[in-house]
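So the sequence lines, in the order shown, correspond to chains D and H. To convert a position in the first sequence, counted from 1, into this note's numbering, add 1023. To convert a position in the second sequence, counted from 1, into this note's numbering, add 500.
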Amino acid sequence: MDEDRAKDDDDSEGNFDDVNEDKNDGDRFFCKNPTERWADVDPLCARAGSGIFTDVDDFDGEGDGFSPDPSLLSLVRENIKVLVVGAGGLGCELLKDLTLSGFKHIDVIDMDTIDVSNLNRQFLFTEEDVGEPKATRAARAVNRRVRGAKVTGHYKRIEDMEDNWYRQFHVVVMGLDSIEARRYINKVYCSFLEFERESGEAREGTWTPLIDGGTEGFKGHARVIIPGKTPCFECTTWLFPPQTTFPLCTIAETPRSAAHCIEHAKIVQFPEEYTDEKEGGVKGGSGGGVTFDGDNPDHVTWVYKRALKRAESFGIPGVTYNHTLGVVKNIVPAIPSTNAIVSAYCAFEAFKIATGCLKSMDNYVMYAGSDKVYQNLMKLYKDEGCSQCGRGLFVQHVFDLEEATLADVLDAIESEHENTFGKREKEKEEDNVKKKDNKEGDKKEKDDMMDTAKGITGVSSDGATVWMGGVLASQYEENLSKLASDAFSVTIVANDDEEEKDDDESTRNKKTVVEKTIHVNSAKLPSPLRVGLVFEAKSRTRRKTSKEGKEREREREEVRTDTATERERHRV
Amino acid sequence: MSSTRYDRQMRLWGENGQKLLSSAKILVLDAGATSAEAAKNLILGGISQLTMCDSPKRMVEERDLGNNFMTSLSFEKGDEDEGDDDANDDALVLERTKRIKRGDMVCKHLKLLNRNVEVNFWEEDPREMIERFRRGEEDKEEDKEELRHHRLQDFDVILASQLDEPTMIKLDDICQKLGKKLLTLRSNGCFGTVKISGAKTHCVVEAKPENRKMDLRLSESGVFTELEEFAEKFEDLEAMDEQRFAHVPWAVLLLVAKKRFDEKQRQTLEDGDYEAQKQFKEFLKSMRRTKTELNFEEALENVRMAWQKPDVPENVSECFEKLPREFRSVTEEGDGVVMMDTETTLSSSDVVSITDVGASDVSTKLFWIFVAALEEFTKRNKKFLPLDAGALPDMTSTTDAFVGLQRVYLEKAQKDQREMLRIVKETIVPNLKTTTRSNDNNSTSVRHGSKIVDVIEKDVDEKQLEEFCIKFCKNARDIRFVSFTSLADERDIWRWENKPEHEGKKAQVASFLAVDSPQRVCAYSYALLRASDAFEAKLCRKAGTYAPEEGVDNVVASSGTEKGKSMLFHRMTSDCAELRALVTKNLEAAMFQSFSTSTSPTKMDVVEKPPSDDADAVNDDGGNGSNNIKAAKAEEAGKFLERLAWEVVRSQGGEIHAVASVVGGVASQEAIKLITGQFVPSHGRVCVHLADGSSAVLP
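What follows is the structure, given as structure tokens:
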């Protein structure tokens, strides 16, 4: 404490060290009357709703399925963990909005460092922060300002985090600028889904709500995704128009615009001709090893100069440094106001979900401010055959835990697929033929995309690849004869004093059947597919399990029960 | 540095927009969460100066620390803390923080956002300040010395947040007189709203719409001869090699093809006739060598361009209609061109003077001068607007052909710009100068007319005029005129007062309140916001709360105990009923009208019923079937209102940070549009409701 104080003397903003912050609960400052601080949001938690937003008809002031509780906000505060993906324009706003909505435990992940051009909207950073990691700086700034908040910053790529790390969060809010990153997060959380075998519904407690925001200039959107329940990101990729790319022949032979010349300098000239003076004349391109970096001013200047020269030779106007930067980095204009609007929508949705005080928005809201103000609440629809949030394939065959090999499982999957999807595929095919007339080009493109998406046949379990076909098939050939239960680390513990794998009532005592979800990617399947398998320990002997696997199982189980009870309590 | 810092926004509004922004001075009344959010966004954007007006008696409270990011616990030692260093430090920190003026703290944090922006704290209660200005500033006796340097007219835009309706109306009157734009903001529970008022109108040259309409001038021959000459170079398509053939720009292809088509086939068909287009399409297809030439594909997609008639878009003709009186007399006399009177039937009340449309600043005067010139230009050029060369889309082509085509369009655009400038100088200005007219019965308009001319002769030099001309011509298709309803008029509309000029807007409000209206939540929420203000004025407390003198501990009252629960329920139900009564008092007729028009527009008997506090009374009206439906709908509307009122009472009218952030974000977007003169600000009341994500722009 004294240390903090000493540092803070000069400025109320202070140099409050966040290491010390961990020791001290910032909420202590407000311990006398904690509700006073949250007097603006607390009534929503402590008072019953009218049902107007929940479609409950018999309003009697007693509630609408939501049970108000004066201690609800502090429960949420202590127990709910939020993940914020991205600490940029939206991320900064989100951290502010979430902490001021009463959330306490927040993790933020971002792989970027702070650039001067961020400062017009990423208000948690100052000139002094330029070059520092966004995630940790943002976390520190918010923790200082909103005492009691425990924001943890991760200067990491989203791909670097383990599945189990992602599993600890109850709500995820995305403030991203790339479709790829959104797809990744969507994929991670969809992969946690489990489905009821009978009803085909997503299993209670296996979904994590995802809230997604995005902006461009005066426009923005916010949406709520409950994987398995409402359309996921993959269900609605049509929302995002394809990126404008120029055909290579235009760039090379008949350039007509400044952008064409800039692209040529970047794509064609740079790899062939660029030499890095500083690195002692290292050549560009795959041979030389220098790849174009939009953040490197030397590279951008080089491209600008070449593009200008080219444009002049063709008589094309409009190549400026600024335009070059915009084209090579694919810069999207961004202003603080729009970020503020979109983030606040997202944060409030997170608050609604965590407390259950109001129904989630259904399910996509867009804001466009350039021509007057246009807002629209839209309902997007689920793609029932979605490769990410669909129930996928459920293999009816019950495998013997002790005998079934990977090859057996793969065979069963393929034949099951034939039975289930064969018909649907055929219908689609016919559909395509009909459309072929006018959409010839489109279809071909789509097919090409499908082929790459299919990729190499592979099987993954719990996010890790356990088997792969294709070029490396020979290497993995022997794996095919290995036990599937080992490959997928399926364990059955049939005992009374050890942890139980499955909570299902019917198997509680016997514990001989276990379900497992894996992901299969194969040329024979339309897209990567979720596959549900059932294993049975026919001999009913206890299998020895590795310590590691068991611990992981236990962790997962804890997280899941936590989430489930939380949800149970505050379910909308 | 600063251009890098603002790079991402300058890609939207350019250097000019940023220049205007960086000289803008903004006043924000109130230092609560909503104001702080709006101020934050504007400061980040790089305005010149922001002044925040807040009562010096308003200290930081705990709930500020829970909803306003521009507040924080203060670890700075105050003078009173001497020697108290170790004792009970947590409580001390909070106590010390609570001794700081809210405005002071918010301004301090705002300053940290952008060191290029000057942030000032104006220590005065906004309500008292408005009262003071309303009485007139010459009231010097009470005028405190330190307030004297703050003058409303020094600010470009004024934002006022969380003020009740009567106070805002007073402020609106002041702003109207000063010709200042006013943005009023409210966050109330999950509902938020922003409205522009003050100066009555706003003119936009650079509306920057997302989808610009192509203006290629392919349909009329004899207007754009340079293009026809250019196209002639491509007439011998048959002689071209494959490469060249597949790279004739589609605009040229259309011209060449249409010429051939006209000569050979189309004799009897009307222009733009569907059949003609169909035949032309076939004709175009027959010209292809293979079926894969991309330029032909593009031409086929754009066949309609060959018939696109010159037109004056609605937004432009609206500007013509609103052309101030001074110009009207000008154009009627000038050059024997008679306009308006034959085509447009305008009642004299619609024709206003330039002072009435808020033309106090140079750019607005220039705007109207050029609108007058534009109207003249369209007369002289077969309804064509000046060409915008930038609207030429990319097309499959060789570099030479496309660059050549671009040059043709550019030269034509420059020619049009020169013509516009000539019209301004040779027709509009001399006519505005004409001091006497035989049939002139309005000498003031003439005086204004010569005043407007001052702009060109004194305020702007030749170069600036030319620059404005180029900008205006490039955007001629998208110019906009936006007018705002004053807050007083808006109040009268929502009070359902009987004023003939409001009937149209009242009908719109009624449709927003209708049972099947998607904007119903926001429309009723706004009605409830007005009711909440009335409630607070009447009972001196917010709906859903306990007044301090009631001696009820808010915490106990909202605790989970049985006593607390029943107390709370009672309070909420009675406040809810009060709010509902306040809404129905004014809007009962509207609520009824809205559903009766949606079922059977002729039956107005229900509307004529005397207003009662209970909408359900309509139930008794029963009788024929349609009345039953109405009764059911009335009950539905009453129930809906009651439930929405419950949500208002539930939230205690709190200033929730997320709502404040949305409202602040919307307001700062609108402020930026007003300051930069780019993009189109909302003419109505923007409403958002975060409970269900719905929204509306009320008339």
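Even glycine gets a Cβ: it sits at the ideal position worked out from N, Cα and C. Small disclaimer: the values here were computed from a predicted structure and weren't measured.
Beta carbon proximity, residue i to chain D, threshold 8 Å
i       : result
H:P1199 : no
H:D507  : yes
H:I1175 : no
H:A587  : Confidence is the limiting factor: at H:A587 the pLDDT is only 46, short of 50, which leaves the residue's position unreliable, though a coordinate-based value still follows. So, not an interface residue.
H:L512  : yes
H:D1114 : At H:D1114 the pLDDT is 41, less than 50, meaning the model places this residue with poor confidence; the figure from the coordinates comes in the next sentence. By this cut-off, H:D1114 is not an interface position.
Counterpart residues of residue i in DSSP-defined beta bridges
i       : result
H:S697  : H:L682
D:D1130 : D:L1106 and D:T1175
H:W622  : H:C553
H:H702  : H:V982
D:D1423 : D:E1559
D:E1538 : D:V1557
D:I1234 : D:V1196 and D:V1247
D:N1399 : D:M1389
D:E973  : The first residue shown for chain D is 1024 and the last is 1595, placing residue 973 of chain D beyond what the model contains.
D:T1136 : D:P1156
Option nearest residue i by Cα separation, candidates the options
i       : options                               : result
H:W807  : H:K764, H:K759 and H:S1017            : H:K759
D:I1208 : D:E1224, D:P1232, D:G1223 and D:V1489 : D:P1232
H:P930  : H:L671, H:G546 and H:I952             : H:I952
H:L866  : H:F820, H:C969 and H:Q1169            : H:C969
D:E1615 : D:T1259, D:V1536 and D:M1389          : Residue 1615 of chain D is absent from the structure shown; chain D starts at 1024 and stops at 1595.
D:G1240 : D:G1112, D:H1420 and D:A1430          : D:G1112
H:R599  : H:L612, H:Q906 and H:S574             : H:S574
D:E1538 : D:L1216, D:T1268 and D:R1070          : D:L1216
H:K713  : H:K809, H:L663 and H:E537             : H:K809
H:S476  : H:K611, H:D564 and H:G1193            : No information on residue 476 of chain H is available, as it lies outside the stretch 501 to 1199 that chain H covers here.
H:L753  : H:A1043, H:E801, H:A1167 and H:E775   : H:E801
D:E1437 : D:D1509, D:I1075 and D:G1555          : D:G1555
H:P479  : H:T701, H:E726 and H:Q676             : Because chain H here runs from 501 to 1199, residue 479 of chain H falls outside it and cannot be looked at.
Cutoff 8 Å: residue i Cβ touching any chain H Cβ
i       : result
D:G1341 : no
D:G1240 : yes
D:S1140 : yes
D:G1251 : no
D:Y1344 : no
D:R1163 : no
D:P1254 : no
D:R1333 : no
D:Q1398 : yes
Contact list for residue i against chain A, beta-carbon separation under 7 Å
i       : result
D:K1157 : Protein chains D and H are contained in the structure displayed, whereas chain A is not.
Chain-ordered residues of the region 550–570 of chain H with a beta carbon less than 7 Å from chain D
E562, R563, L565, G566, N567 and F569
Counting pairs of Cβ atoms below 8 Å between the region 1051–1071 of chain D and the region 1147–1166 of chain H, do you hit three or more?
yes
Please name the residues in the region 1186–1216 of chain D whose beta-carbon is closer than 7 Å to at least one beta-carbon of chain H, in chain order.
none
Which residues, in chain order, does the region 717–751 of chain H contribute to contact with chain D at a C-beta distance below 8 Å?
H747
Any C-beta of chain D within less than 9 Å: which residues of the region 872–900 of chain H qualify?
D894, M895, T896, S897, T898, T899 and D900
Taking three-plus beta-carbon pairs below 8 Å as touching, is the region 1277–1289 of chain D in contact with the region 1334–1347 of chain D?
yes
If the cut-off is 9 Å on Cβ atoms, which residues from the region 694–709 of chain H count as contacting chain D, listed in chain order?
V694, A707, K708 and P709
Using a Cβ-Cβ cut-off of less than 8 Å, list which residues of the region 535–551 of chain H approach chain D; keep chain order.
E537, K540, N541, L544, G545 and G546
Where the region 901–928 of chain H meets chain D: residues whose CB sits under 7 Å from a CB there:
F902 and V903
Give the residues from the region 1096–1110 of chain D that approach chain H closer than 7 Å (Cβ to any Cβ), ordered along the chain.
none
Whether or not the region 1139–1154 of chain H and the region 1346–1355 of chain D are in contact is what I'm after, with contact meaning three or more pairs of Cβ atoms, one per stretch, closer than 8 Å; do they touch?
no
Taking Cβ-Cβ distances below 9 Å as the criterion, which residues of the region 604–626 of chain H are in contact with chain D?
M605, K608, H609, L612, L613, N614 and R615
Return the residues of the region 1353–1367 of chain D that lie within a Cβ-Cβ distance of less than 9 Å from chain H, sorted by chain order.
I1354, V1355, P1356, A1357, I1358, P1359, S1360, T1361, N1362, A1363, I1364, V1365, S1366 and A1367
Would the region 882–902 of chain H count as touching the region 991–1008 of chain H if we require 3 or more Cβ pairs under 8 Å?
no
Just checking, does the region 1365–1375 of chain D make contact with the region 1113–1122 of chain D on the three C-beta pairs under 8 Å criterion?
yes
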